[in-house]
Amino acid sequence: MATSRNWFKLIRRKFVRSSARDIIVVHTEDSSSNLHEETIILEHPNSPPASTDSTTPQKQVLTKQDIAAIKVQAFFRGHLARRAFRALKSLVKLQALVRGAYVRRQSRIALHCMHSLVRLQVNVRARQLLSTSSNGRSTKSSDIFTRRPRK
Numbered sequence: 000m001a002t003s004r005n006w007f008k009l010i011r012r013k014f015v016r017s018s019a020r021d022i023i024v025v026h027t028e029d030s031s032s033n034l035h036e037e038t039i040i041l042e043h044p045n046s047p048p049a050s051t052d053s054t055t056p057q058k059q060v061l062t063k064q065d066i067a068a069i070k071v072q073a074f075f076r077g078h079l080a081r082r083a084f085r086a087l088k089s090l091v092k093l094q095a096l097v098r099g100a101y102v103r104r105q106s107r108i109a110l111h112c113m114h115s116l117v118r119l120q121v122n123v124r125a126r127q128l129l130s131t132s133s134n135g136r137s138t139k140s141s142d143i144f145t146r147r148p149r150k
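Residue numbers for the sequence shown follow numbering that gives the first Met the number 0, so the first one is 0 and each next one is one higher.
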């Protein structure tokens with residue numbers, strides 16, 4: 000089972016990690032202090048080229064705290080998604096169990112009805128044969144057609 004999950008992880012990583020390609024890390028030095036602060040500039044590959052207007056900023060600067068918050072949110076959303084998926088899987092299993100019981104009950108009722116119809120058909124056919132073979136003789140049909148007790 001572990002080998003069957005490996006190919007799934009590879010495919011999932013291709014789609015999940017695609018947003019990481021859009022992040023460019025830039026290291027800047029603040030002239031007033033010696034602290035190095037890491038910032039990130041987000042650029043979307045499908046966005047139009049940056050214009051010279053200062054009214055529409057195309058780049059967004061993120062600090063370390065913002066990056067940490069984004070990572071925490073992403074992990075938490077992943078956790079919630081996994082939990083919801085697990086609940087959905089258990090719900091599907093429960094539905095299958097209930098539907099299986101319902102189908103078995105339905106088939107049991109159908110078989111009982113078919114058996115009753117076959118018994119009725121046998122009785123009708125026997126009456127027809129008795130009525131044609133009697134040729135005027137009177138036979139007691141209640142002796143022939145007695146009901147069997149149910150199981």
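Cβ coordinates follow ideal geometry from the N, Cα and C atoms, glycine included.
Cα-Cα separation, His111 to Arg103 | Position 112 of the sequence shown holds residue 111. Position 104 of the sequence shown holds residue 103. Going from the Cα of His111 to the Cα of Arg103 covers about 12 Å.
Considering Thr131, what are the terminal residues of the alpha helix (DSSP H) in which it resides?
-> Stepping through the sequence shown from its first residue, residue 131 is reached at position 132. Note, Thr131: alpha helix (DSSP H), Lys63 to Ser133.
Rounded to whole angstroms, what's the CA-CA distance from Asn122 to Gly99? Just pull it up for me.
-> As a working note, residue 122 is residue 123 in the sequence shown. As a working note, residue 99 is residue 100 in the sequence shown. Rounded to whole angstroms, Asn122 to Gly99 spans 35 Å at the Cα level.
In whole angstroms, what is the alpha-carbon distance linking Ala73 and Arg12?
-> For the purposes of this step, residue 73 is taken as the residue at position 74 of the sequence shown. For the purposes of this step, residue 12 is taken as the residue at position 13 of the sequence shown. Cα to Cα, the separation comes out at about 14 Å.
Could you pull out every residue in the same chain whose Cβ sits closer than 6 Å to the Cβ of Tyr101, ignoring the five residues on either side in sequence?
-> Taking the first residue of the sequence shown as position 1, residue 101 is located at position 102. Same-chain partners within the cutoff: there are none.
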